[in-house]
Structure formats: C-alpha cells, structure tokens
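For reference, the structure is listed below as structure tokens.
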Amino acid sequence: MPTYDYRCDANGQVVEVSHRMSESLSTWGELCAQARISCGDTPEDAPVYRMANGGNLISSNSLGSGMAPAPACGTGGCCPSGMCGL
C-alpha cells in the first residue's frame with residue numbers, strides 16, 4: 001500500500017500514512033485516525049494537504065531482506081556515469 005505525507009498548516013506537523021491510492025484525507029481528525037495518533041490540541045476539522053511526494057510503495061519483497069536490489073539490466077551493472085550499458 002502506498003505511503004503519503006500530509007501536512008497540517010494549523011500545527012505545522014507532517015504525518016506519513018498508508019492508504020489506498022483512491023483515498024484522500026482532508027482533515028486533521030481523519031489523518032490522526034489513519035495514523036493512529038492523538039489529535040492533541042489541534043482541532044479535528046483543521047485542513048490537511050497531501051504533499052507532492054508521489055507516494056511510496058512498500059512491498060513485502062523489499063522488507064527485511066538485507067540484500068541490495070538486482071541490477072536494472074542483464075549486463076551486471078552500470079558504468080560510472082550511471083548510464084546503462086545496453
């Protein structure tokens with residue numbers, strides 16, 4: 001499930017949450033419920049805005065393996081300039 005950063009202008013906090021791409025959060029109360037954190041002194045109806053980070057996808061394949069990902073191409077790596085040698 002993708003993760004998104006939301007910012008609340010009322011308190012200046014940025015909170016990272018996971019939710020479906022089709023969902024969107026619009027208030028501090030919704031964000032706190034999704035993140036399972038306390039609203040604190042910030043009103044629950046304070047607006048929040050999703051930050052433009054593109055959403056990060058975390059899959060079970062990438063968690064806890066301790067191994068680097070496979071090279072992007074079958075040549076075994078890329079040259080020092082970072083351009084693939086295909």
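Going left to right, the sequence shown walks through residues 1 to 86 as UniProt numbering numbers them.
Just so it is clear, CB atoms sit at the ideal spot from N, CA and C, and this is done for glycine as well.
Fair warning: this is a prediction, and the values are worked out from it, not measured in the lab.
- Message: Within 10 Å of its beta-carbon, does Y4 have 16 or more other beta-carbons around it, so buried, or fewer, so exposed?
- Response: The Cβ neighbour count for Y4, taken over all protein chains shown within 10 Å, is at least 16; the residue is labelled buried.
- Message: Which of the three DSSP states is assigned to C8 in this structure?
- Response: In this structure, C8 counts as strand in the three-state DSSP scheme.
- Query: When you compare only the Cα positions, how much space is there between G12 and R20?
  - Reply: Rounded to whole angstroms, the gap between the alpha carbons of G12 and R20 is 24 Å.
- Item | Buried or exposed (CB count within 10 angstroms, at least 16 for buried), Y49 | Flag for Y49 reads exposed.
- Among residues of its own chain, excluding the 5 on either side of M51, which ones have a beta-carbon nearer than 8 Å to its beta-carbon? Y4, D5, Y6, R7 and V14.
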